[in-house]
Amino acid sequence: MFTGIVQAVATVAALSDRPGLRSFTLQFPPGFLAGQEIGASVACDGTCLTVVRHHDGDRADFDVMQQSLALTTLGTLQVGSRLNVERAARDGVEIGGHPLSGHIDFQATLVEVRHPENNHVLRIQVPPQWMRYIFPKGYIAINGASLTIAEVDRAAGCFEVWLIPETLRQTTFGDKRPGDALNIEIERQTQVMVDTVRAAVDERLGSMLPALKALLRERGVEIDA
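One point on numbering: in full-length UniProt numbering, the residue at position 176 of the sequence shown is 176, and numbering is uninterrupted.
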């Protein structure tokens with residue numbers, strides 16, 4: 001488990017491809033790997049990876065399967081790329097963000113960056129089937145950072161998060177530009193609640209759903225909304 005509080009920024013020092021996977025060597029800030037054993041977990045841009053080897057000079061190796069490379073932004077990384085990183089949470093640790101599994105649900109696209117005074121606003125577009133889990137003031141994990149959703153535009157399939165200077169200092173979000181892909185992990189309690197309600201509606205309404213959808217559509221309302 002992770003807390004969504006990014007602890008440092010790592011850099012891709014080397015990468016190599018082998019049958020079925022890609023290996024990354026990441027350079028971490030001094031002391032980040034202190035006391036860490038082989039087999040430990042590190043969230044890299046929100047993706048839970050396993051340490052397979054340590055090197056001198058605060059470097060460690062990670063193997064990433066093809067499925068993870070395809071689902072996340074890790075497949076686009078190059079030497080010199082920067083990532084948000086967090087070590088796995090220990091028992092009793094303060095959870096300053098919200099509990100994360102490190103399992104990415106999908107990639108979203110950064111469509112706009114705005115700069116109000118002392119703030120940094122990211123407008124992010126997501127695939128339509130995932131909008132049902134996104135609510136104003138709810139939690140969401142973006143590249144491993146626990147963030148609060150500020151605004152939701154369901155018609156456009158977008159949401160916004162506002163970042164303070166400290167968040168920009170501690171993460172890679174200041175590097176992101178419109179068109180960049182982002183790793184998203186939905187808040188699990190929200191997902192369970194939404195899926196449970198939808199299943200209950202399907203079960204109880206059953207054959208009435210097509211008629212209800214048609215009625216709502218006549219009024220310009222989609223049932224998901």
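Note that CB positions come from ideal geometry on N, CA and C, so glycine has one too. Small disclaimer: the values here were computed from a predicted structure and weren't measured.
Which residue's Cα is closest to the Cα of residue i: the options?
i, options, result
"Glu94", "Phe2, Ala214, Ala10", "Phe2"
"Ala181", "Val51, Asn84, Thr73, Leu69", "Thr73"
"Val64", "Leu21, Ser81, Thr25", "Leu21"
"Ile186", "Ser101, Thr196, Gly174", "Ser101"
Checking 7 angstroms against the spacing of the C-beta atoms, do residue i and residue j come in under that value?
i, j, result
"Gly157", "Ile149", "no"
"Asp105", "Ile38", "no"
"Ser41", "Ala88", "yes"
"Pro29", "Ala8", "yes"
"Leu122", "Val161", "yes"
"Val12", "Ser81", "yes"
"Thr172", "Asn118", "no"
"Phe62", "Phe32", "no"
"Ile5", "Gly96", "yes"
"Ala108", "Val126", "yes"
In whole angstroms, give me the CA-to-CA distance for residue i and residue j.
i, j, result
"Val79", "Arg90", "30 angstroms"
"Arg132", "Asp17", "37 angstroms"
"Ala211", "Val221", "13 angstroms"
"Gln189", "Arg219", "31 angstroms"
Tell me where the alpha helix (DSSP H) around residue i begins and ends.
i, result
"Ser68", "66 to 71"
"residue 264", "Beyond the ends of the chain as shown, which are 1 and 225, falls residue 264; an answer cannot be given."
"Arg132", "Careful: Arg132 lies outside any alpha helix (DSSP H) and carries neither H nor E."
"Val197", "188 to 205"
"Ala214", "209 to 218"
Under the criterion of a Cβ to heavy atom distance below 6 angstroms, does residue i qualify as lining the ligand ZN?
i, result
"Trp162", "This structure simply doesn't include the ligand ZN, nor any ligand for that matter."
For residue i, report the span of its beta strand (DSSP E) as first-last.
i, result
"Arg177", "Counting along the chain, Arg177 falls outside any beta strand (DSSP E), and DSSP gives it neither H nor E."
### Given 8 angstroms, three or more beta-carbon pairs between the segment 109 to 122 and the segment 56 to 64
Remark: fewer than three beta-carbon pairs, one from each stretch, lie closer than 8 angstroms, so the segment 109 to 122 and the segment 56 to 64 are not flagged as touching.
### Query
Any contact of the segment 195 to 205 with the segment 152 to 170, i.e. 3+ C-beta pairs under 8 angstroms?
The answer is no - the segment 152 to 170 does not touch the segment 195 to 205, with fewer than three Cβ pairs under 8 angstroms.
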